[in-house]
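Okay, structure first, notes after.
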Amino acid sequence: MPLYDYECANCHAVLKDVFQHIQDEPIVHCVACGQNTLKRCICAPLMVLIRGAKTVGSLADRNSSDMSTDERQHALSLQRTQKTEPVRTLPNGMQRIEQTPGYKPWFAHNQTVSNKKINKMTKKQKQKYIITGKTTT
Numbered sequence: 017m018p019l020y021d022y023e024c025a026n027c028h029a030v031l032k033d034v035f036q037h038i039q040d041e042p043i044v045h046c047v048a049c050g051q052n053t054l055k056r057c058i059c060a061p062l063m064v065l066i067r068g069a070k071t072v073g074s075l076a077d078r079n080s081s082d083m084s085t086d087e088r089q090h091a092l093s094l095q096r097t098q099k100t101e102p103v104r105t106l107p108n109g110m111q112r113i114e115q116t117p118g119y120k121p122w123f124a125h126n127q128t129v130s131n132k133k134i135n136k137m138t139k140k141q142k143q144k145y146i147i148t149g150k151t152t153t
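Just so you know, we're using the numbering used here here: the sequence shown kicks off at 17 and counts up by one.
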């Protein structure tokens, strides 16, 4: 199922990464201002098409064979000098998205219990936690 972003036309609040089925009705109610002014934003899909590569290994082989001898030697020398991860370049037009420290998705802002603890709860305990926001331990 795709992820959608929504923006409020009234207060400009943003909901990011809303997990919905493609046939679901769009969300219209803004929890920030209480108005029915949310609009679905158009954003790029999260998919990558790789020609002819069936595994990561075959993709690496193809990428290394596409490199010139100088590029290959430069990449190997960088790998030898760096003690951390090897340099990974992205294809043209792609950029790496870094999450900010302490990032929480919109639905976890009011979460008072860790996901690990929620996963250990029984079905009845989960229902009570959802309704009351409190745990029974």
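Glycine residues also receive a C-beta, built at the ideal position from the N, C-alpha and C atoms.
Do residue i and residue j have their CB atoms nearer than 8 Å?
i: T15; j: Y145; result: Nothing in the structure corresponds to residue 15, since the chain is present only between 17 and 153.
i: C27; j: C46; result: yes
i: A29; j: A48; result: yes
i: K142; j: I134; result: yes
Residue i and residue j look like a contact to me (Cβ under 8 Å); what is the Cβ gap, rounded to whole Å?
i: C57; j: E23; result: 5 Å
i: L54; j: I43; result: 5 Å
i: L160; j: D40; result: No statement about residue 160 is possible, as the shown extent of the chain runs from 17 to 153 and does not include it.
DSSP three-state call for residue i: helix, strand or coil?
i: K136; result: helix
i: Q143; result: helix
i: Q89; result: helix
i: K150; result: coil
i: S130; result: coil
Kindly indicate the opening and closing residues of the alpha helix (DSSP H) around residue i.
i: S80; result: 72 to 82
Got a sec, what are the start and stop residues for the beta strand (DSSP E) residue i sits in?
i: C57; result: 54 to 57
Is residue i a contact residue of the ligand ZN, with contact defined as CB to any heavy atom under 7 Å?
i: Q51; result: The ligand ZN is not part of the structure shown, which contains no ligands of any sort.
message: Which runs of the beta strand (DSSP E) at least 3 residues long sit entirely within the segment 19 to 50? Give them in chain order.
response: Runs of the beta strand (DSSP E) inside the segment 19 to 50: 19 to 24, 30 to 35.
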